[in-house]
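Numbering (our numbering), first residue to last: 3 to 84. Built from N, CA and C at the ideal position, the CB exists for glycine as well. Remember, predicted model here, so these are calculated numbers, not experimental data. This report concerns only the one structure given below.
Below, the structure written as structure tokens:
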């Protein structure tokens, strides 16, 4: 999808709580991310501090795949196994 198409969809459907950086990021590996034009960047923002382990580490991907095969999300209203 072209960057301008993504931006138009965002403008139409996403609540704008803060100003966006004019990049359309499409993939990540470790500390690096790439935009829709193929340009590489260091991810200093780390997904607003939720990607501290980087992007797409094989062990993290495997752990996530195993977890979502069981439960994706359950609130703290219930007890869950670790």
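Take residue 48 and list the residues in its own chain whose beta-carbon comes closer than 6 Å to its own, dropping the five residues that flank it on each side.
54
Flag this pair as yes or no: are the beta carbons of residue 59 and residue 30 separated by less than 8 Å?
No. Outside cutoff.
Taking DSSP as the reference, what is the three-state secondary structure of residue 49?
helix
How would you label residue 16, buried or exposed, when you count the other beta carbons within 10 angstroms and need 16 or more for buried?
exposed
For the alpha helix (DSSP H) containing residue 61, list its first residue and its last residue.
60–70
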